[in-house]
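Colleague: What follows is a structure written as structure tokens; I'll ask about it next.
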Amino acid sequence: MTFDSRPLTLDGRPSALLEILSPGPLTTVQDLGRPGWAHIGVPGSGAADQRALTLANRLVGNPEGAAALETTYGGLKLRLHAKSRGSQPSVRYIALTGAPCPARLDDGRLIAPNAPVAVYDGQVLELALPSSGLRTYLAVRGGIDVAPSLGSRSTDLLSGLGPPPITAGDVLALGAPEGGLPGVDVAPQPPLSDDITLRVVAGPRDDWFTDESVRTLYAHDWEATSRSNRIGIRFDGPALTRRKEGELPAEGMARGALQVPPNGLPVLFLADHPVTGGYPVVGVVHTKDLPLAGQIRPGARVRFLPARH
Amino acid sequence: MNGQPQGPIVRRAGSAAVLVELDGLDAVLELHSILRSNTPAGVRELLPAARTLFVAYDPKATAYDTLRAELADRVGRLTGEPAHTGAELAVLDIPVRYDGPDLAAVSAQTGMSVADVIARHTAPLYTVAFAGFAPGFGYLVGTDQTLHLPRRTEPRTAVPSGAVAVAGGFTGIYPRSSPGGWQLLGTTTLSMWDERRDPPALLVPGRSVRLRAVG
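As they're listed, the protein sequences go chains A and B. The numbering used here applies: residue 1 is where the first sequence begins, and numbers increase by one. The numbering used here applies: residue 310 is where the second sequence begins, and numbers increase by one.
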């Protein structure tokens, strides 16, 4: 599939492209998503780790919310096409953030994370498995220029809005660079760990659970299972017990909500979560820890820490 | 609750959202309308549901205690009159061809003839209560009591786009083909979701809807 290619140069072709050779297990286009449409059923979507997305964009001089590639568990391989046209040089700056992957260009150059790197026309970039974390962001100067849907270029795996996940052979247009490059060589980031602590604000429905179950939530290690995706992370651990039976009328759900279905095992809602849900939410991960939640890989041990707010 | 301060129940939903609990849908829709025309500083998103209004906010732009006080103020202005968000929109007329695969089963479950099922389903003036499930899917309230039926025991893997269905006291219209467990009474050719429209959804909370049987 070829995406709508914009903007066009005088000869009717975009000035620069990414040609996808392999998407790895899952690569999607992501920006800051579609906040503000929940009342008509549209999930927020956007990057699962928004801190990493905005950092990648800043490193290449893009607006923070420019569209980039979010790749899951490495494996992404692509070729840059950047023909020199007028003032457009045959080079583009890129930056990799989020889960640190060994990454190299086909000239043998290793790409350091969290730093702007010049890539030349025709070069192939390949990402290996991340050493920690789950999602790596590749921002390219000018941004990925697929057609937006409700103001966002994000792929939403729940609703189907936005472009479909990237497949081999896709050709993605790049936008025209705007503004200057930041004078930054590298923006060091704290390492990601597979032992993760997330701060949780209690409620809104913690009173649906026994006191002992609420204590268990905070006292126990929870294992992120492989039945997890951009919609949510399913955890394994001791089942939480309800104090209240019956059904909760559907209500709005926050990103980071720990919703507890009838099996008693919490599901942590990520970017593409449904806007409403009918199971009680025992607590909600603090917004400051949501970027970390987007980096939880299957098998990781997670601890929840009560936060005031 | 002696000794408890009076006021609406506002529950934290994390560090950047609250749930306001109300008596029912009319209060939810009225509060939604009030907050849309008189929005407290820092509010980012309003999401009405059956008995709650979800309010997302920017914690850098307002504080929980400030927002809570402002929400209590707006709740204090509730009149109980059905003046909804969406009430300014014209009543949406939806043509429905009553050809759904569950129509005969619904007739059997309710002991009514198919013609009576259709008459009961087209009689009410419906209100879009809230959205969810999929972009453009609205939960319509007002369904005749005789048609308050459970979901199918076996959900379908594919319900066609435009299917008009009932379950759990609601009427709904599938905006696109998707899995679904509601009982299908008919279909409409009216597109519930079109990204080229503004807003893309026809069924916005508070809007009044009539279903009209077509041959």
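For glycine and all other residues, C-beta sits at the position ideal for the given N, C-alpha and C.
Here's a check: name, in chain order, each residue in its chain whose Cβ is nearer than 6 angstroms to the Cβ of A:Ala38, leaving out the five neighbours to either side.
Modeller: Excluding sequence neighbours, A:Ala38 sits near Val275.
Colleague: By the 10 Å Cβ neighbour count, where 16 or more other Cβ atoms means buried, how is A:Asn57 classified, buried or exposed?
Modeller: With 16 or more other Cβ atoms within 10 Å, it is buried.
Colleague: I'd like to check one pair, B:Ile403 with B:Val518: are the Cβ atoms closer than 8 angstroms?
Modeller: For B:Val518 and B:Ile403, yes; Cβs fall inside 8 angstroms.
Colleague: Which term fits A:Ile196, buried or exposed, when burial requires 16 or more other beta carbons within 10 angstroms of its beta carbon?
Modeller: Buried, because 16 or more other Cβ atoms sit within 10 Å of the Cβ of A:Ile196.
Colleague: Could you tell me the boundaries of the beta strand (DSSP E) in which A:Ala56 lies?
Modeller: Premise fails: A:Ala56 lies in the alpha helix (DSSP H), 50-59, not in any beta strand (DSSP E).
Colleague: Should A:Glu64 be flagged as near chain B, meaning a C-beta pair shorter than 8 angstroms?
Modeller: It does not: the Cβ of A:Glu64 has no partner Cβ on chain B nearer than 8 angstroms.
Colleague: Does the beta carbon of B:Gly312 sit closer than 8 angstroms to a beta carbon anywhere in chain A?
Modeller: Here the model assigns B:Gly312 a pLDDT of 42, short of 50, so the residue's position is not dependable, and the following value carries that caveat. Output row for B:Gly312: interface = no.
Colleague: Taking 8 angstroms as the CB-CB cut-off, is A:Val201 touching chain B?
Modeller: Taking Cβ atoms only, chain B reaches closer than 8 angstroms to A:Val201, which makes this a yes.
Colleague: Quick check on DSSP: helix, strand or coil for B:Pro404?
Modeller: Looking at B:Pro404 - three-state DSSP - the assignment turns out to be strand.
Colleague: Is it buried or exposed, A:Glu64, if we count other Cβ atoms within 10 angstroms and call 16 or more buried?
Modeller: By the 10 Å Cβ count, A:Glu64 comes out exposed.
Colleague: Who are A:Arg303's beta bridge partners in DSSP?
Modeller: BP columns for A:Arg303 point to A:Thr197.
Colleague: What does B:Pro464 reach in chain A if we use C-beta pairs closer than 7 angstroms?
Modeller: Within chain A, no residue comes near B:Pro464; the closest Cβ sits about 15 angstroms away, beyond 7 angstroms.
Colleague: When you compare only the Cα positions, how much space is there between B:Val475 and B:Arg460?
Modeller: Distance between the alpha carbons of B:Val475 and B:Arg460 is about 8 angstroms.
Colleague: Only counting the same chain, and skipping five residues up and downstream in sequence, which positions put a Cβ closer than 6 angstroms to that of A:Arg199?
Modeller: His286, Asp289, Leu305, Ala307, listed in sequence order.
Colleague: Given this structure, state the Cα-to-Cα distance separating A:Met253 from A:Ile166, to the nearest angstrom.
Modeller: Distance between the alpha carbons of A:Met253 and A:Ile166: 28 angstroms.
Colleague: Using a Cβ cut-off of 8 angstroms (strictly closer), state whether A:Val267 contacts chain B.
Modeller: Answer no: the Cβ-Cβ gap between A:Val267 and chain B never drops below 8 angstroms.
Colleague: Closer than 8 angstroms, Cβ to Cβ, to anything on chain B: give me those residues from the stretch 67-85 of chain A, in chain order.
Modeller: Those residues of the stretch 67-85 of chain A that come within reach of chain B (Cβ to Cβ, closer than 8 angstroms) do not exist; the list is empty.
Colleague: Give a yes or no on contact between the stretch 246-261 of chain A and the stretch 168-182 of chain A, applying the rule of three or more CB pairs nearer than 8 angstroms.
Modeller: The stretch 246-261 of chain A, when compared against the stretch 168-182 of chain A, does not touch it at the 8 angstroms Cβ threshold.
Colleague: Roughly how many angstroms lie between the CA atoms of B:Asp335 and B:Tyr448, to the nearest whole one?
Modeller: Going from the Cα of B:Asp335 to the Cα of B:Tyr448 covers about 14 angstroms.
Colleague: A:Val275 by DSSP, collapsed to three states: which one?
Modeller: Correct three-state label for A:Val275: coil.
Colleague: Decide if A:Asn263 is buried, meaning its Cβ has at least 16 other Cβ atoms within 10 Å, or exposed.
Modeller: With fewer than 16 other Cβ atoms within 10 Å, it is exposed.
Colleague: So that I know if they touch, is there some Cβ in chain B lying closer than 8 angstroms to that of A:Glu245?
Modeller: For A:Glu245, the answer is no, since every Cβ of chain B falls outside 8 angstroms of its Cβ.
Colleague: Could you list the residues in the stretch 337-367 of chain B with a C-beta less than 9 angstroms from some C-beta on chain A, going in chain order?
Modeller: So the list reads His341, Arg353, Glu354, Leu355, Leu356, Pro357, Ala358, Ala359, Arg360, Thr361, Leu362, Phe363, Val364, Ala365, given in the order they occur along the chain.
Colleague: Kindly indicate if chain A contains any beta-carbon less than 8 angstroms away from that of B:Gly478.
Modeller: No, because no Cβ of chain A sits closer than 8 angstroms to the Cβ of B:Gly478.
Colleague: Distance cutoff 8 angstroms, beta carbons only. Does A:Ala52 sit that close to anything in chain B?
Modeller: So no, A:Ala52 is outside the interface.
Colleague: Out of A:Val29, A:Gly44, A:Gly74, state which residue places its alpha-carbon closest to the alpha-carbon of A:Gly36.
Modeller: Looking at the Cα atoms, A:Gly44 is the closest of the given residues.
Colleague: By the 10 Å Cβ neighbour count, where 16 or more other Cβ atoms means buried, how is A:Leu18 classified, buried or exposed?
Modeller: Burial call: buried.
Colleague: What are the uninterrupted segments assigned as alpha helix (DSSP H) that are 4 or more residues long and contained completely in the stretch 228-301 of chain A, given in chain order?
Modeller: Correct list: 290-293.
Colleague: How many whole angstroms separate the CB atoms of B:Pro444 and A:Val184, which I take to be in contact at a CB cut-off of 8 angstroms?
Modeller: The Cβ separation is near 38 angstroms, so there is no contact.
Colleague: Nearest to B:Phe363 by alpha carbon, out of B:Glu354, B:Thr371, B:Ala370, B:Lys369?
Modeller: When each option's Cα is compared against that of B:Phe363, the closest is B:Glu354.
Colleague: Taking DSSP's pairing of strands, which residues face A:Ile144 in a bridge?
Modeller: Its beta-bridge partners are A:Leu174.
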